[in-house]
Structures are given as C-alpha cells and as structure tokens.
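Remarks on the structure that follows.
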Amino acid sequence: MSFKVGIDPGLVNSGTGKSDTNSYELVIAGGGPAALSAAIYAARYGIRHVVIESWKPGGQAALTAEIENYPGFSSIVGSDLTNAMKKQALEAGAVFQTETVENTTEENGKILVRTDSAKYTTDYLIIATGAAPATLGVSGEEKYYGRGVSFCATCDAPFFRDKKAIVVGGGDSAVKEALHLTHVVSELGLVHRRDKLRAEPYLAKKLVEHEKVTTYWNSHLIEVTGDDQGVTGVILDTPDGKKQIDTDGVFLYVGTIPATEPFASLVELDKNKAVVTSGIVGTSNPRVFAAGDVTNNGFRQVVTAVSEGARASAAVFELLEN
Ligand code: NAP
Numbered sequence: 001m002s003f004k005v006g007i008d009p010g011l012v013n014s015g016t017g018k019s020d021t022n023s024y025e026l027v028i029a030g031g032g033p034a035a036l037s038a039a040i041y042a043a044r045y046g047i048r049h050v051v052i053e054s055w056k057p058g059g060q061a062a063l064t065a066e067i068e069n070y071p072g073f074s075s076i077v078g079s080d081l082t083n084a085m086k087k088q089a090l091e092a093g094a095v096f097q098t099e100t101v102e103n104t105t106e107e108n109g110k111i112l113v114r115t116d117s118a119k120y121t122t123d124y125l126i127i128a129t130g131a132a133p134a135t136l137g138v139s140g141e142e143k144y145y146g147r148g149v150s151f152c153a154t155c156d157a158p159f160f161r162d163k164k165a166i167v168v169g170g171g172d173s174a175v176k177e178a179l180h181l182t183h184v185v186s187e188l189g190l191v192h193r194r195d196k197l198r199a200e201p202y203l204a205k206k207l208v209e210h211e212k213v214t215t216y217w218n219s220h221l222i223e224v225t226g227d228d229q230g231v232t233g234v235i236l237d238t239p240d241g242k243k244q245i246d247t248d249g250v251f252l253y254v255g256t257i258p259a260t261e262p263f264a265s266l267v268e269l270d271k272n273k274a275v276v277t278s279g280i281v282g283t284s285n286p287r288v289f290a291a292g293d294v295t296n297n298g299f300r301q302v303v304t305a306v307s308e309g310a311r312a313s314a315a316v317f318e319l320l321e322n
C-alpha cells in the first residue's frame, strides 16, 4: 500500500505564462482532473490560456488513496494519476499559475479574474474549482481538526497505525477511505445516518464485511471529545440512545461543498452552491463553462470530470473559431 500523496516536484509551475497584459482567450480556474483535462485540450487547440491552479494541485482526486474505476488502470494512486495528467498538460504547452481566484466580474464583454496576486482579462472562463469537504458543525469537530479529526485518510492514515478510528458518512468517499484505513488501524467504526450505504455496492460490501469494521447504522455523531493530546472519543446518537465510543481518529466524509464563491456573480448556482449547467458544460453565462465536481451534473467521477473538461475547452475553441 502506497501513501504517496502530492504533486511531483518535477511538475512545479514555471510561472512564465503571463503575457504583459495578463489578457487571455481562456482562463481555466482549478487544478483537479477537470481543469487538467481542459488544459490539455486548450493547449492542443492552441488557445491562448492560463490555468489558475490553487495551492492544492490535483484536487480531491489527488487525495484519494486508490482509484479503481478510471479506465486503463485497474488501480492507481490518485496523486499518481493527477501528476500524470499535469505532466501531459505541461508537455502539451499548458501554462499554469499557482494562485487562488478571489473574485470574478464581467466588464465590456470581457471576464475579469482577480486572484490573490494578479488580475486577468479573458474572453472565456472555465470553472473547474471542484468541491471542498463538508463539515458536521458538531462540538469538538473544529477544535480537534488536525489533532485526530481529519478529512483525508489518504493523507493522515499513517498517524493511526494500530490505533482506533471512526469514519462518518456512507458515500463513495467514506467507503473508499475507510477501506484504506483498514490497512493500518486496529479497529474501525463506520457511522452512517441511514441503514444503507450510497457507495458503489462492491466496495460497500467489502467494507461492511471487513473483520476490523463495526457499523453504527441510523446513527449521528453529535460530539467529538478529547484532551490536550487530541481526540479520545466520540458521542453517537444511536437508535439505542447515546453511546460514547473510544477512538483516536475521526474521519469525516459527509459530502462536499462546491468551490463557487468567487464566481457567484457570473453564473447561476443551485441551492447546494453548484454551478447550474446546461448542455453538460454550459452555464447561465455564455462566456463561462463549468466542468467536474463544481457543477450540478450529479455523477461525480474522475472519468466524468475529464470528459467535461475536454468538452469545455472544445466549446471555447468552437466559439473562438466562429
Ligand atoms: P456523497 O456521495 O454526497 O456522500 C455523502 C455521505 O455523507 C452520504 O452518505 C450522506 O448520507 C452523508 N451525509 C451527508 N450529510 C450528512 C450529515 N449532516 N450527517 C451525517 N451524514 C451526512 O459525497 P462523497 O462520498 O464525498 O462523494 C461525492 C461525489 O464524488 C459522489 O458523486 C461520489 O460518487 C464521487 N466519488 C467517487 C469516487 C469513485 O472513486 N468512484 C470516490 C469518491 C467520491 P446519505 O447517504 O444519507 O445522504
């Protein structure tokens, strides 16, 4: 089992892509599979572009221990896959800047993108900023973040070798990361608010039947408890009443929140703050396209994110040609 996570040092951004005016035909915001795919296509189409990648390159896929459903690889470490995508984008001529988009506006038929260190003007924008983990908002969750509370088993599993951990959630992320944790922890509790997992059935069965796993169905985590050293336990609200469970780690996978705040004035968002799309990658703004987990497209997989990224760049190319 590999714990290798993060961007390959050979893939650091050159930072040489800015033109004097910072004016582009296309700005791609994001650094995950959707953005990287859009970058590969934009570069190959010869679109004058820049990819504004955040400080967490590779997006959520880079924080996934093993990806087993991306065609061509029966199993691949998430960061290996995103590093390969970035390498391919750089080889194709894609230009990256490591900055955070702070806000975007539209003026005189151009889109203005302001980051933490620069301003860009562009004809078209692809929003591919993905989504961030949601929180439960319970007592102790914030206090013990980084001291036992984690949103990334792939990153933090080595700290829990031969210790006890709890995973909360019933989706693909919870199940995949819980399976990853079974390789290192001594005991694993799975807490889910219903009695059925929404994750891919093959992996869900594998997890539930694992000898180290105890399931807490129809249960809610209501408090994370701890001391000066970090997490010591959790309090669950179960069908049999409140239960105190001893644990060293709490891994939360209770959904994601699309990273759309900087784009709120440009495109229509749904009630979950996802970009509302039409025709897969179109948005309410004809100069703006969206791809991957930031959209309301539903089926959120690496394979769909890369497809949407490619479609978005192809749509921009067609508009520029016309
Ligand atoms: P998700 O599918 O939205 O699952 C979130 C889980 O958290 C659900 O089981 C949900 O319960 C539970 N939950 C939500 N709010 C909660 C709350 N307040 N308290 C307790 N539990 C709560 O999120 P995800 O697992 O992060 O996946 C996001 C997307 O990425 C999905 O489309 C998923 O398929 C995809 N993904 C794919 C892979 C892959 O390799 N194929 C890996 C990871 C993620 P309910 O079930 O009751 O709603």
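Letter by letter, the sequence shown follows residues 1 to 322 in my numbering. Here a beta-carbon is modelled for each residue, glycine too, at the ideal position from N, C-alpha and C.
C-beta neighbour in chain C for residue i, strict 8 Å
i          : result
serine 219 : The structure shown contains no chain C; it is built from a single protein chain.
Within 8 Å, strictly: CB atoms of residue i and residue j
i              : j              : result
valine 184     : proline 158    : yes
leucine 136    : leucine 252    : yes
alanine 118    : glutamate 99   : yes
leucine 125    : alanine 29     : yes
tyrosine 41    : serine 219     : no
glycine 78     : leucine 63     : yes
valine 50      : glutamine 97   : yes
serine 288     : isoleucine 127 : One detail in the question is off: residue 288 reads as valine in this sequence, not serine. A contact, by the Cβ cut-off of 8 Å.
alanine 199    : leucine 190    : no
glycine 72     : glycine 31     : no
glycine 52     : valine 101     : For clarity, residue 52 is isoleucine in the given sequence; the question names glycine instead. The answer is yes: Cβ separation under 8 Å.
alanine 134    : valine 254     : yes
leucine 250    : valine 208     : It is valine, not leucine, that sits at residue 250 in the sequence shown. It is not a contact, given that the beta carbons lie outside the stated cut-off.
glycine 226    : proline 33     : no
tyrosine 70    : valine 302     : yes
valine 281     : arginine 311   : yes
isoleucine 166 : isoleucine 111 : no
threonine 256  : histidine 210  : no
isoleucine 222 : valine 138     : yes
leucine 188    : valine 213     : yes
arginine 262   : threonine 104  : This sequence places proline at residue 262; arginine is not what is there. Closer than 8 Å, so yes.
glycine 93     : alanine 43     : yes
valine 294     : threonine 115  : no
valine 27      : tyrosine 120   : yes
serine 186     : aspartate 162  : yes
Burial state of residue i, where buried means 16 or more other Cβ atoms lie within 10 Å
i                 : result
glutamine 60      : buried
tyrosine 202      : exposed
glycine 46        : exposed
serine 37         : buried
phenylalanine 151 : buried
isoleucine 7      : Legend: pLDDT at isoleucine 7 = 47, less than 50; position of this residue unreliable, no value from coordinates given.
lysine 205        : exposed
glutamate 308     : buried
aspartate 20      : Caution is warranted here: a pLDDT of 44 is assigned to aspartate 20, below 50, making its placement in the model unreliable, and the coordinate value is therefore given only provisionally. Looking at its Cβ environment, which holds fewer than 16 other Cβ atoms inside 10 Å, aspartate 20 is exposed.
lysine 271        : exposed
alanine 264       : exposed
lysine 164        : buried
asparagine 285    : buried
glycine 241       : exposed
glycine 233       : buried
asparagine 108    : exposed
glycine 146       : exposed
asparagine 322    : exposed
serine 54         : buried
aspartate 248     : buried
proline 9         : Unreliable placement is indicated for proline 9, whose pLDDT of 49 sits below 50; the coordinate value is still reported in the next sentence. Exposed, because fewer than 16 other Cβ atoms sit within 10 Å of the Cβ of proline 9.
serine 2          : Caution is warranted here: a pLDDT of 32 is assigned to serine 2, below 50, making its placement in the model unreliable, and the coordinate value is therefore given only provisionally. Exposed, by the Cβ-count rule.
serine 74         : exposed
Presumed contact (8 Å Cβ cut-off) between residue i and residue j, rounded CB distance
i              : j             : result
alanine 266    : glutamate 25  : It is worth fixing the name first, because residue 266 is leucine in this sequence and not alanine. Leucine 266 to glutamate 25, Cβ: 17 Å. No contact.
threonine 277  : alanine 259   : Wrong, their Cβ atoms sit about 15 Å apart, outside the cutoff.
alanine 65     : threonine 154 : 4 Å
glycine 170    : arginine 194  : 6 Å
tryptophan 217 : histidine 192 : 6 Å
Which ranges would you report for the beta strand (DSSP E) in the region 73-145 if only whole runs of at least 3 residues count? Look at the region 73-145 and you find these whole runs of beta strand (DSSP E), each 3 residues long or longer: 96-98, 101-107, 110-115, 119-127, 131-133.
Would you list, in sequence order, the uninterrupted alpha helix (DSSP H) runs of no fewer than 4 residues that lie entirely inside the region 175-227? With a minimum length of 4 residues, the continuous alpha helix (DSSP H) runs that stay inside the region 175-227 are 201-208.
In chain order, which continuous runs of the alpha helix (DSSP H) of length 4 or greater are located wholly inside the region 289-321? You should have 302-321.
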